[in-house]
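Take a look at the structure set out below.
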Amino acid sequence: MEYHNPVLLNECIEGLSIKPTGIYVDVTFGGGGHSKLILKHLDGGKLYAFDQDENAHKNALEGDIFKLINANFRHLKNFLRMEGVLKIDGLLADLGVSSHQFDVAERGFSIRFDGELDMRMNINSPLSARSVVNEYTQQDLANVLFKYGELRNSRSIAKEIINAREVEDIITTNQLIEVVSHMVPEKKRNQFLARIFQAIRIEVNDEMKALEEMLLSAVDMLNKGGRLVVLSYHSLEDRMVKNLMKKGNLEGDLEKDFFGNPIKDLKEITRKVIVATEEQIAENTRARSAKLRIAEKS
Numbered sequence: 026m027e028y029h030n031p032v033l034l035n036e037c038i039e040g041l042s043i044k045p046t047g048i049y050v051d052v053t054f055g056g057g058g059h060s061k062l063i064l065k066h067l068d069g070g071k072l073y074a075f076d077q078d079e080n081a082h083k084n085a086l087e088g089d090i091f092k093l094i095n096a097n098f099r100h101l102k103n104f105l106r107m108e109g110v111l112k113i114d115g116l117l118a119d120l121g122v123s124s125h126q127f128d129v130a131e132r133g134f135s136i137r138f139d140g141e142l143d144m145r146m147n148i149n150s151p152l153s154a155r156s157v158v159n160e161y162t163q164q165d166l167a168n169v170l171f172k173y174g175e176l177r178n179s180r181s182i183a184k185e186i187i188n189a190r191e192v193e194d195i196i197t198t199n200q201l202i203e204v205v206s207h208m209v210p211e212k213k214r215n216q217f218l219a220r221i222f223q224a225i226r227i228e229v230n231d232e233m234k235a236l237e238e239m240l241l242s243a244v245d246m247l248n249k250g251g252r253l254v255v256l257s258y259h260s261l262e263d264r265m266v267k268n269l270m271k272k273g274n275l276e277g278d279l280e281k282d283f284f285g286n287p288i289k290d291l292k293e294i295t296r297k298v299i300v301a302t303e304e305q306i307a308e309n310t311r312a313r314s315a316k317l318r319i320a321e322k323s
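Numbering (my numbering), first residue to last: 26 to 323.
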């Protein structure tokens, strides 16, 4: 199964600062690129990986020091407890939708192919993109587009979708594109469509709430000196990660103790966000929007 090379791979692994006997977690296994490299640094340690997409499980790695768990990373703490793991030395999250998911037309993630409106990362999940587009009220649809796509004209987009679905159900990606693409000039079309698809995908997979739960669990489970390494691809994710690392909470409000010292569990290892070089972007265009942040449990 074709999975592309992970973005900023070496920078992610360096950021983990791996101890050979440590316990590490790769919460976004995908094609296993990160996990393979982490395993090379372990000697006596253990790696647990998470992926809710059944296709990713065809890439599972061999060996006693590796275990792939079929679950959403929001359930990190519960599943690790079932393995007898209460503390970890590092956690890596590459939050991008895998290239494989984008490249399979019938998964409905991409504006490049015609396929059924699906977008479920867990194919057993009850909510699909088709349900969101055809069953949500105009107000709920507008809220999703505004909140997760940061689209200012979310109300008029929602109205357009509602009008179209009253004639017939919108069941394919191309149908949805046809309904909305006249709403922006041609040169902005792809960015506009990508934001609509992003918003619906985030809603279908409850991505922001899942990320919130995973990040809080990760901070709680990290040993002192343990590393949190997160690669995000859009401003909503990056803002949450940045707030947690810089301010100590997801909302971004810095709390201080009686003496004026910041109350936070993490210390930033990289004060500035790490982005891809021109060469890395030329090799993998998805690297263009990637932002890497690294912090250590203090």
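Quick reminder that beta carbons are idealized off the backbone N, C-alpha and C, glycines included.
Inset, instruction - Please check the pair Ala315 and Tyr258, which I expect to be a contact at CB under 8 Å, by giving their CB distance rounded to whole angstroms. - result: Residue numbering aside, residue 315 sits at position 290 when the sequence shown is read from its first letter. Residue numbering aside, residue 258 sits at position 233 when the sequence shown is read from its first letter. Sure, about 6 Å apart at Cβ, within 8 Å.
Inset, instruction - Measure the CB-CB distance between Thr197 and Gly140 and report whether it falls below 8 Å. - result: Position 172 of the sequence shown, counted from the first residue, corresponds to residue 197. Position 115 of the sequence shown, counted from the first residue, corresponds to residue 140. In this structure, Gly140 lies closer than 8 Å to Thr197 by Cβ.
Legend entry - Euclidean distance between Cα positions of Arg226 and Phe283: Indexing the sequence shown from 1 puts residue 226 at position 201. Indexing the sequence shown from 1 puts residue 283 at position 258. Their backbone Cα atoms lie some 43 Å apart in a straight line.
Inset, instruction - Just confirm the distance between the C-beta atoms of Val52 and Phe98, as a whole number of angstroms; I'd bet it's less than 8 Å. - result: Mapped onto the sequence shown, residue 52 falls at position 27. Mapped onto the sequence shown, residue 98 falls at position 73. Yes, they are in contact, since the Cβ atoms of Val52 and Phe98 sit about 4 Å apart, within 8 Å.
Legend entry - Beta-carbon proximity check, Val205 vs Ile187, cutoff 8 Å: Within the sequence shown, numbered from 1, the residue matching residue 205 stands at position 180. Within the sequence shown, numbered from 1, the residue matching residue 187 stands at position 162. It is not a contact, given that the beta carbons lie outside the stated cut-off.
Inset, instruction - With a 10 Å radius around its C-beta and 16 neighbouring C-beta atoms as the bar for buried, classify His59 as buried or exposed. - result: By one-based count along the sequence shown, residue 59 stands at place 34. With 16 or more Cβ atoms within 10 Å of its Cβ, His59 is classed as buried.
Legend entry - Residue range of the alpha helix (DSSP H) that includes Ile221: Indexing the sequence shown from 1 puts residue 221 at position 196. Counting along the chain, the alpha helix (DSSP H) containing Ile221 begins and ends at Arg214 to Asn230.
Legend entry - Ala219 versus Ile202, Met233 and Asn30, residue with shortest Cα-Cα distance: Here residue 219 refers to the residue found at position 194 of the sequence shown. Closest option to Ala219, Cα to Cα, is Ile202.
Legend entry - Span separating the alpha-carbon of His207 from that of Asn178: Along the sequence shown, read from residue 1 onward, the residue named residue 207 stands at position 182. Along the sequence shown, read from residue 1 onward, the residue named residue 178 stands at position 153. In a straight line, the C-alpha of His207 is about 13 Å away from that of Asn178.
Legend entry - Own chain residues within Cβ distance below 8 Å of Val32, not counting five before or after: Taking the sequence shown and counting its residues from 1, the one referred to as residue 32 is at position 7. Asp119, Gly121, Leu256, Ala301, Gln305, Asn309, Arg311, Ala312 and Ala315.
Legend entry - Cα-Cα separation, Gly69 to Phe104: Taking the first residue of the sequence shown as 1, we reach residue 69 at position 44. Taking the first residue of the sequence shown as 1, we reach residue 104 at position 79. Each residue's alpha carbon lies about 21 Å from the other.
Inset, instruction - Alpha carbon to alpha carbon, how far is Ile38 from Gln163? Give it in angstroms, no decimals. - result: Taking the sequence shown and counting its residues from 1, the one referred to as residue 163 is at position 138. Taking the sequence shown and counting its residues from 1, the one referred to as residue 38 is at position 13. Answer to the nearest angstrom: the Cα atoms are 44 Å apart.
Inset, instruction - Determine the burial state of Gly285: buried for a count of at least 16 other Cβ atoms within 10 Å of its Cβ, exposed for fewer. - result: Looking up residue 285 in the sequence shown gives position 260. Exposed, by the Cβ-count rule.
Inset, instruction - Pull up the CB-CB distance for Ser323 and Lys272, whole angstroms please, since I reckon it's below 8 Å. - result: In the sequence shown, residue 323 corresponds to position 298, counting from 1. In the sequence shown, residue 272 corresponds to position 247, counting from 1. With 8 Å as the limit, Ser323 and Lys272 do not qualify as a contact, their Cβ atoms being about 14 Å apart.
Inset, instruction - Pull up the distance between the alpha-carbon of Ala243 and that of Met144, whole angstroms please. - result: Here residue 243 refers to the residue found at position 218 when the sequence shown is read from its first residue. Here residue 144 refers to the residue found at position 119 when the sequence shown is read from its first residue. Roughly 26 Å separates the two Cα atoms.
Inset, instruction - Figure out for me which residue from Arg318, Val298 and Leu166 has the closest Cα to the Cα of Val157. - result: In the sequence shown, counting from the first residue as 1, residue 157 sits at position 132. Checked all of Arg318, Val298 and Leu166; the closest Cα to Val157 is Leu166.
Legend entry - Whole-angstrom distance between Leu241 and Gln288, CA atom to CA atom: What you label residue 288 is simply residue 263 of the sequence shown in a count that begins at 1. What you label residue 241 is simply residue 216 of the sequence shown in a count that begins at 1. Correcting the residue type first, residue 288 is Ile in the shown sequence and not Gln. Looking at the two C-alpha atoms, the distance is approximately 15 Å.
Inset, instruction - Starting from the Cα of Ala224, find the closest Cα among Val169, Asn80, Ala183 and Gly109 and give me that residue. - result: As a working note, residue 224 is residue 199 in the sequence shown. It is Val169.
Legend entry - Chain-order list of residues whose beta-carbon lies under 7 Å from that of Leu72 (same chain, five-residue window excluded): For the purposes of this step, residue 72 is taken as residue 47 along the sequence shown, with counting starting at 1. Tyr49, Asp51, Ser60, Ile63, Leu64, Ile90 and Phe91, listed in sequence order.
Inset, instruction - Please work out which residues of its chain come closer than 7 Å, Cβ to Cβ, to Glu262, disregarding the five sequence neighbours upstream and downstream, and give them in chain order. - result: In the sequence shown, residue 262 corresponds to position 237, counting from 1. Around Glu262: Leu120 and Leu236.
Legend entry - Same chain only: Cβ atoms within 7 Å of Asn268, ignoring 5 sequence neighbours per side: As a working note, residue 268 is residue 243 in the sequence shown. Excluding positions up to five away in sequence, the list reads Asn274, Leu275, Glu276 and Gly277.
Legend entry - Identity of the residues DSSP links to Ile319 by a beta bridge: Locating residue 319 in the sequence shown gives position 294, where the first residue counts as 1. For Ile319, which the question treats as bridged, DSSP gives the partners Val254.
Legend entry - Where the alpha helix (DSSP H) containing Glu108 begins and where it ends: On the sequence shown, residue 108 is found 83 positions in, with the first residue counted as 1. From DSSP, Glu108 is part of no alpha helix (DSSP H); its letter is neither H nor E.
Inset, instruction - Grab the span of the beta strand (DSSP E) containing Glu293 for me, first residue to last. - result: Looking up residue 293 in the sequence shown gives position 268. That run of the beta strand (DSSP E) goes Leu291 to Glu293.
Legend entry - Which of helix, strand or coil DSSP assigns to Glu308: The sequence position of residue 308 within the sequence shown is 283, counting from 1. Helix at Glu308.
Legend entry - Range of the contiguous alpha helix (DSSP H) that encloses Lys61: As a working note, residue 61 is residue 36 in the sequence shown. Here the alpha helix (DSSP H) through Lys61 covers Gly58 to Lys65.
Legend entry - Run of the alpha helix (DSSP H) containing Asp165, from where it starts to where it stops: Locating residue 165 in the sequence shown gives position 140, counting from the first residue. Where Asp165 is concerned, the enclosing alpha helix (DSSP H) stretches over Gln163 to Gly174.
Inset, instruction - May I ask you to list the residues that DSSP assigns as paired with Pro45? - result: Walking along the sequence shown from the start, residue 45 turns up at place 20. Answer is none; Pro45 lacks a bridge partner.
Inset, instruction - Go ahead and label Gly40 buried or exposed: buried means 16 or more other beta carbons lie within 10 angstroms of its beta carbon, across all protein chains shown. - result: The residue given as residue 40 occupies position 15 in the sequence shown. Under this definition Gly40 is a buried residue.
Inset, instruction - Output the distance between the C-alpha atoms of Thr295 and Lys184, rounded to the nearest integer angstrom. - result: To locate residue 295, count along the sequence shown from 1; it is residue 270. To locate residue 184, count along the sequence shown from 1; it is residue 159. Taking the straight line joining both Cα atoms gives about 44 Å.
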